[in-house]
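In our numbering, the protein residues as written are 401 to 682. Ideal Cβ placement from N, Cα and C applies to all residues, glycine included. This report refers to the structure that appears directly beneath it.
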Ligand code: 2HA
Ligand code: ZN
């Protein structure tokens, strides 16, 4: 039997905690998470949590103003509201929390973290509703990640805000893009963040896309692992960076990857590009 002290200390050895600490720090280093910008939620298996924590002891509960019955009994580690990604690795117990949704889906129990009275990210509605959407289409889904990726934001000022043309532009910027996100980029209109409404709209897009851009704000990504989700956003952001670099180049664009080449690429890698983006004969 583990005693309480061992169990409490034990979580600092949990791989999922280290993934959160490393990823938040990397996102900050990339300049995507200034101040308290960005948030991550990571769906955990009960046995993963139980190996490091006493799951029968809730420190406190927080009522949700949006019910999430579909997530009843599910465990997550999430970043805290107002916390700085820069600081997570030095003080994970203050900046992160392990939570479980109650059986009615109306509240969360805090099992660890959020010391000093903290609470989950202000974007919890968008995270929880997006988890529900992704779990409906991908049983291995686990991560929702939001950040303020610099060049993606920049691009939302200079590029038209049409999902198909935005997707095509990003696919054209680096050869691997169509392979990494064949499901393309979804876009919302500008909206007030942190609300149930932006959460619902984001989740609706997440049924068909793993990347959702919030114009002039940032990006949401979904995936089955931390590496995959980080890599997804990293790839879109890299493409946006190239777009911004070449847009300001005086000589202009001299050549591109053609639609036919993008289609050949998708075929070679066995992915199906989002319909209606590439102009090619089938
Ligand atoms: O403050 O990024 O969208 C965290 C955010 C809100
Ligand atoms: Zn944000």
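Original post:
Mind checking whether the beta-carbon of residue 413 lies closer than 8 Å to any heavy atom of ligand 2?
Top reply: no
Original post:
Going along the chain, which unbroken runs of the alpha helix (DSSP H) with 4 or more residues stay wholly within the stretch 484-519?
Top reply: 492-495
Original post:
In three-state terms, what does DSSP make of residue 441?
Top reply: strand
Subject >> Sufficient close CB pairs (3 or more, under 8 Å) joining the stretch 612-625 to the stretch 535-543 >> reply: yes
Original post:
Counting by C-beta, which residues lie closer than 7 Å to a heavy atom of ligand 1, in chain order?
Top reply: Going by the Cβ distance cut-off, the answer is 436, 437, 438, 439, 521, 522, 523, 546, 548, 593, 594, 617, 618.
Original post:
Is residue 428 near ligand 2, judged by its Cβ being under 8 Å from some heavy atom?
Top reply: no
Original post:
Run through DSSP, which three-state label would residue 622 get?
Top reply: DSSP places residue 622 in strand when its eight states are reduced to three.
**OP:** Evaluate the contact criterion for the stretch 496-503 versus the stretch 561-572: three or more CB pairs, one atom per stretch, below 8 Å.
**Re:** no
Original post:
Which ranges would you report for the alpha helix (DSSP H) in the stretch 560-612 if only whole runs of at least 4 residues count?
Top reply: 563-573, 577-580, 596-606
Original post:
So what does DSSP say about residue 449, is it helix, strand or coil?
Top reply: helix
Original post:
Straight-line CA distance for residue 555 to residue 643?
Top reply: 8 Å
Original post:
If you compare alpha carbons, which of 648, 602, 580, 430 is closest to residue 531?
Top reply: 602
Subject >> Pairwise C-alpha distance: residue 557 and residue 665 >> reply: 29 Å
Original post:
Does the distance from the CB of residue 432 to the CB of residue 550 come in under 9 Å?
Top reply: yes
**OP:** Within 10 angstroms of the Cβ of residue 637, are there 16 or more other Cβ atoms? Answer buried if so, exposed if not.
**Re:** Buried is the call here.
Original post:
By a C-beta neighbour count over all protein chains shown, 10 Å radius and 16 as the cutoff for buried, is residue 669 buried or exposed?
Top reply: So residue 669 ends up on the exposed side.
Original post:
For residue 546, which beta-bridge partners are listed by DSSP?
Top reply: DSSP output for residue 546 lists 439, 620 as bridge partner(s).
**OP:** Classify residue 463 as buried or exposed, calling it buried when 16 or more other Cβ atoms lie within 10 Å of its own Cβ.
**Re:** exposed
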